[in-house]
Amino acid sequence: MATTATISISSDIAPGFGGINASMTLAQGGTEIDIDNTTGFQRRKLSAASVVDLVTMANELVEPKDSVAAKIYIRNIGYKGNIDKSVGVTIGIQSEPIGKLYGGDWMMMPLTCIDADDVTATPETADTVVLEYVLFYEEN
Amino acid sequence: MATTTAAVTLTSDLLSDNMSVSATTTCMKAGTTADGLDQMEYGYVEIASGTAYDIIGNTPTASKASKLYVKNHSEDETYYISVVLDAQAVGRLYGGPNDTGDWMFIPADFHDANADVEITATGGTNKICYALFHEGTVLVAS
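As you go down the protein sequences, you meet chains A and B in turn. Heads up, the first sequence is in the numbering used here, so the first residue is 1 and it goes up one at a time. Heads up, the second sequence is in the numbering used here, so the first residue is 1 and it goes up one at a time.
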């Protein structure tokens, strides 16, 4: 086994669109060697409409190698079973917004893991929301 | 209502016990609970090394709920594309044998004219599949 991620997208927007099914094996950059480190699965509860670091790269106990094959998975799981798809949390890198995860939405994104490239989260409202996330990376 | 769902299954043996995560989301328009994304763009391109390209030609309406999928179908694990958003490096998507290359699925904000998703290929000609699910683009008049 290794670390793998599969995605299945179905949609009836375009007639004839057959969907997307894809898999990836998370490997170290430029090799077929399995990626070797993870933060483990974590949760972060947010209760203010202000920006926070979800991952502060310089604070990782095992220093990630820069600019290779790191990936992060993040999901907005709402709070205590209340998943509100009408409000979301903007995920960013440094000050650059990537996009907003509405209730139930998830994302899988590559990362540079450069110390300055922290992963940020900014809730749209002060209503409590929980993010689940896990970072996979190479040890420096 | 158009319905688009995205499901992920993530498994890993990096921890002392196996980790398995599954999630499914229905992609809705921004700020709504009953109206799904209703437009899409789907493509497959081969990109030679060295030059940066915008992966999406028409800029979707800013700050909506667009979702972007990109996969590197290159079979060579040393090939990769660098993903950049508004001059901010995001990360790399490597190719892999037997179509195990990297993919990403992100909410794409497109918050201003500079926020196009830009990719640059390295190693050789990379084969890239992409799909954008959105709720409107700024079309270019002919």
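Every residue, glycine too, gets a C-beta built ideally from N, C-alpha and C.
- The CB of residue 78 of chain A never comes closer than 7 Å to any CB in chain B; the least such distance is about 12 Å.
- Under a criterion of Cβ atoms nearer than 9 Å, no residue of chain A is adjacent to residue 128 of chain B; the nearest Cβ is some 12 Å distant.
- The beta carbons of residue 139 of chain B and residue 66 of chain B sit about 15 Å from each other, so the pair does not count as a contact at 8 Å.
- For residue 105 of chain A, the chain B residues whose C-beta falls within less than 7 Å of its own C-beta are 25 and 107, listed in chain order.
- If you compare the alpha carbons of B:118, B:127, B:123 and B:125 with that of residue 57 of chain B, the shortest gap goes to B:118.
- In the pairwise beta carbon analysis, the region 5-25 of chain B is classified as not touching the region 93-104 of chain B: fewer than three pairs are separated by under 8 Å.
- A distance below 7 Å between beta-carbons, with the five flanking residues on each side excluded, links residue 115 of chain B to the following residues of its chain, in chain order: 85, 86 and 109.
- Here residue 37 of chain B has 2, 4, 27, 28, 29, 65, 66, 67, 133, 134 and 135 as same chain residues with Cβ atoms under 8 Å from its own Cβ, once five neighbours each way along the sequence are excluded.
- Exclusion of the five residues before and after residue 38 of chain A leaves 3, 134, 135, 136 and 137 as the residues of its chain whose Cβ lies within less than 8 Å of its Cβ.
- Closer than 9 Å at the C-beta level to chain B, one finds these residues of the region 77-98 of chain A: 77, 84, 85, 86, 87, 88, 90, 91, 92, 93, 94, 95, 96, 97 and 98.
- In terms of Cα proximity to residue 44 of chain A, the closest of A:140, A:125, A:139 and A:121 is A:121.
- Within the region 83-141 of chain B, the beta strand (DSSP E) runs of at least 3 residues that lie entirely inside it are, in chain order, 88-94, 103-107, 117-122 and 126-134.
- For a Cβ distance threshold of 8 Å, nothing in chain A lies close to residue 54 of chain B: the least Cβ distance comes to about 16 Å.
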